[in-house]
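Q: One structure is given below, represented as structure tokens, and several questions about it will come after.
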Amino acid sequence: MTGPAPHREYTDRLTAGSLPYQSCDGCLSAVFPPRVICPFCGATDLGWRESAGLGTVYSTSVIAPRDADPYPVVLVDLDERFRIMSTVVDVPAGDVRIGMRVRAGIDPGGPTGPRVVFTPEERETAS
Amino acid sequence: MTLPDLRGSTAIVGVAESDLGEVGPDRYAIELAAQAAGAALAEAGLTTRDVDGLFCAIAGRGMAPLDVAEYLGIRPRYTDGTMVGGSSFISHLHHAALAITTGACDVALITYGSTARSDSGRGRLAMGPPELPSYEAAYRPRPPITGYALATARHMHQYGTTRTHLAEVAVAARKWAALNPKAFVRDPLTIEDVLAARMVSSPLTTLDCCLVTDGGGAVVVTGADRARDLPKPPVYLLGAGEAHWHRAISQMPDLTVTAATESSVRAYTMAGVGPQDVDVVQLYDAFTINTILFLEDLGFCAKGEGGDFVSGGRIAPGGDLPVNTNGGGLSYCHPGMYGIFPLIEATRQIRGEAGDRQRPGVTIALAHGNGGQLSSQVTAVLGGGDSL
Numbered sequence: 096m097t098g099p100a101p102h103r104e105y106t107d108r109l110t111a112g113s114l115p116y117q118s119c120d121g122c123l124s125a126v127f128p129p130r131v132i133c134p135f136c137g138a139t140d141l142g143w144r145e146s147a148g149l150g151t152v153y154s155t156s157v158i159a160p161r162d163a164d165p166y167p168v169v170l171v172d173l174d175e176r177f178r179i180m181s182t183v184v185d186v187p188a189g190d191v192r193i194g195m196r197v198r199a200g201i202d203p204g205g206p207t208g209p210r211v212v213f214t215p216e217e218r219e220t221a222s
Numbered sequence: 354m355t356l357p358d359l360r361g362s363t364a365i366v367g368v369a370e371s372d373l374g375e376v377g378p379d380r381y382a383i384e385l386a387a388q389a390a391g392a393a394l395a396e397a398g399l400t401t402r403d404v405d406g407l408f409c410a411i412a413g414r415g416m417a418p419l420d421v422a423e424y425l426g427i428r429p430r431y432t433d434g435t436m437v438g439g440s441s442f443i444s445h446l447h448h449a450a451l452a453i454t455t456g457a458c459d460v461a462l463i464t465y466g467s468t469a470r471s472d473s474g475r476g477r478l479a480m481g482p483p484e485l486p487s488y489e490a491a492y493r494p495r496p497p498i499t500g501y502a503l504a505t506a507r508h509m510h511q512y513g514t515t516r517t518h519l520a521e522v523a524v525a526a527r528k529w530a531a532l533n534p535k536a537f538v539r540d541p542l543t544i545e546d547v548l549a550a551r552m553v554s555s556p557l558t559t560l561d562c563c564l565v566t567d568g569g570g571a572v573v574v575t576g577a578d579r580a581r582d583l584p585k586p587p588v589y590l591l592g593a594g595e596a597h598w599h600r601a602i603s604q605m606p607d608l609t610v611t612a613a614t615e616s617s618v619r620a621y622t623m624a625g626v627g628p629q630d631v632d633v634v635q636l637y638d639a640f641t642i643n644t645i646l647f648l649e650d651l652g653f654c655a656k657g658e659g660g661d662f663v664s665g666g667r668i669a670p671g672g673d674l675p676v677n678t679n680g681g682g683l684s685y686c687h688p689g690m691y692g693i694f695p696l697i698e699a700t701r702q703i704r705g706e707a708g709d710r711q712r713p714g715v716t717i718a719l720a721h722g723n724g725g726q727l728s729s730q731v732t733a734v735l736g737g738g739d740s741l
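So the protein lines, in turn, are chains A and B. Residue numbers for the first sequence follow the working numbering, so the first one is 96 and each next one is one higher. Residue numbers for the second sequence follow the working numbering, so the first one is 354 and each next one is one higher.
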């Protein structure tokens, strides 16, 4: 196979500070996680994009370990029409709601290296 | 080329569990698979010498069919190690029917064993080869419960399903378990107990989760003609269907709709029946939300109405629709993967062998398996002699 290895490319771009995803040149679908073939049309021409980082919480679950603080695990639908698992920080775990608008950032110290996390998006209009 | 007509062409002729519950540190999964296999074959009036088709999956063992064949001294001419999680064994039943009907084998043994309970804390679980990188692990979900919790939260959000609805499922399972001497937990359980249980991955509590037990099971299948000469009344495979759309929960398109919507239609179409014809339902209840999702997706109620459907004891003993009459994964046993046990219980209900939990006059039973995180869905429709 030619071209960059998908997971390596993803990790490099994430470390550089973006939320990367792929876009299919064949059917224009957003593709995530990274692959070598489009799961929607089978085309092999997948280009890299950077998400604007805005999305909506699709579902959420708070995990309550016996010996650590609770934390939310969420599924976020990015505005570019792909979904990722993540977490929401800077807010009590139980305050995360389905439908909440969130913005992506990079947490350099995730358990497996840099990871995308989300913060609640402040209301866009002050009133 | 068209597929052979599977309806009624094969039958289950033997079923058995191994020891269940907790078997202790000196026992191995393959021993439970072998114990169950021996008992199922004995019930069928057959021996390992008769088996020429082997179907098995054991978690963490990539070559489980080789292990099991060597252990049992079977030299199969047809082998299937399909591993799609807990639904694997109902998939094996489907594949066995195809193999028998096309002449690839005559007597199929489906077998499974696990020491999931005794394994905990012993470091016996070997690491497998590296898989594709996970795009979920960095967020520390608790697999598999968090995937089901996310589906539950979404179902509540879209359809107003409540934790009390979920608790109804757990309580019904426990009431059935109280009627099953082999069930792991049989003490009374109330809605309030479930609501007050420790939250693990919201909105699911410890009592919304299946058990972790040891155990194994086996099912013997052969052609309908041969089945009629064996000791037990044949339990015919009338229809089977499979479907899967994702593996990781973040790749499931709609967390409130499973691929059981497809697998069930395939099974019903082959069987020539619908949900209204089903007398008992045995489905894979790894978590309480499973029962609600699958009753919807198997056509017993409309999407979103599963919570109301299970309320008021409808699926409990004495209710309109008996579901998981053995007590299910929630209260009977759940040794890593549960999918062989719906087949065993469905068979016993059709034979009229289910003791205190027997529903009178069962002609058609549905067995449904789930694998991964709501990923693989496999449905089988089974029937007694009156169903042909």
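Each residue gets a CB set at the ideal place from its N, CA and C atoms; glycine is no exception. For clarity, every value in this text was computed on a predicted model and none was experimentally measured.
1) Nearest CA to the CA of T716(B): which residue from T700(B), L727(B), G722(B)?
2) Do L359(B) and A593(B) have their beta-carbon atoms positioned less than 9 Å apart in this structure?
3) Are I346(B) and P494(B) closer than 9 Å when you measure CB to CB?
4) Helix, strand or coil, according to DSSP, for F213(A) in the structure here?
5) Can you pull the DSSP bridge partners for M180(A)?
6) Would you be able to state if there are at least three C-beta pairs under 8 Å between the region 722 to 733 of chain B and the region 580 to 600 of chain B?
7) Please look up how many angstroms separate the CB atoms of Y685(B) and A536(B), rounded, as I've assumed it's under 8 Å.
8) Less than 9 Å between CB atoms is the rule here; does P135(A) satisfy it with respect to chain B?
9) Which runs of the beta strand (DSSP E) at least 3 residues long sit entirely within the region 382 to 410 of chain B? Give them in chain order.
10) Hey, quick one: how far does the alpha helix (DSSP H) through S471(B) stretch, first residue to last?
11) Can you find a CB in chain B that lies within less than 9 Å of the CB of V168(A)?
12) For the alpha helix (DSSP H) containing T432(B), list its first residue and its last residue.
13) Buried or exposed: where does F662(B) fall if 16 or more other Cβ atoms within 10 Å of its Cβ makes it buried?
14) What does A506(B) reach in chain A if we use C-beta pairs closer than 7 Å?
15) CB-CB under 6 Å to A525(B), same chain, minus the five flanking residues each way: which ones, in chain order?
16) Restricting to Cα atoms, I'd like to know which of R527(B), G513(B), V618(B), D459(B) is closest to V404(B).
17) Report all residues from its chain with a CB closer than 6 Å to the CB of G680(B); omit the five preceding and five following residues, and keep chain order.
18) From the DSSP output, in three-state form, read off R192(A) for me.
19) Going straight from the alpha carbon of R198(A) to that of P209(A), what length do you get?
20) For a contact defined as C-beta to C-beta under 7 Å, what are the partners of T207(A) on chain B?
21) Grouping DSSP H, G and I as helix and E and B as strand, with all else coil, what is M552(B)?
22) Within its chain, find whatever has a CB closer than 7 Å to the CB of G148(A); leave out the 5 residues flanking it on each side and keep chain order.
23) Using a cut-off of 7 Å between C-beta atoms, extract the partners of H510(B) located in chain A.
24) Given this structure, state the Cα-to-Cα distance separating V573(B) from D420(B), to the nearest angstrom.
25) I need the DSSP call for V126(A), collapsed to helix, strand or coil.
26) Would T182(A) count as contacting chain C if we go by Cβ distances under 9 Å?
27) Helix, strand or coil: which one does DSSP assign to A479(B)?
A: Short version:
1) T700(B)
2) yes
3) With chain B running from 354 to 741 in the structure shown, residue 346(B) is simply not present.
4) Of the three classes helix, strand and coil, the one that applies to F213(A) here is strand, per DSSP.
5) BP columns for M180(A) point to L170(A).
6) yes
7) 4 Å
8) Per the sequence presented here, residue 135(A) reads as Phe, with Pro not at that position. By this cut-off, F135(A) is not an interface position.
9) Annotation: the region 382 to 410 of chain B contains the following complete segments of the beta strand (DSSP E) (minimum length 3 residues), in chain order: 406 to 409.
10) 469 to 472
11) yes
12) Not the alpha helix (DSSP H): T432(B) falls in the beta strand (DSSP E), residues 431 to 433.
13) Answer is buried; the Cβ neighbour count reaches 16.
14) S154, T155, S156, I193
15) I668, A669
16) Ranking R527(B), G513(B), V618(B), D459(B) by Cα distance to V404(B) puts D459(B) first.
17) A526, W529, A530, N533, A536
18) coil
19) 16 Å
20) A490, A491
21) M552(B) falls in the strand class under three-state DSSP.
22) L114, R198, A199
23) I193
24) 18 Å
25) strand
26) The chain inventory of the structure shown lacks chain C, comprising the protein chains A and B.
27) Note that A479(B) scores a pLDDT of 49, beneath 50, so its modelled location is shaky; the value from the coordinates is reported in the next line. Coil.
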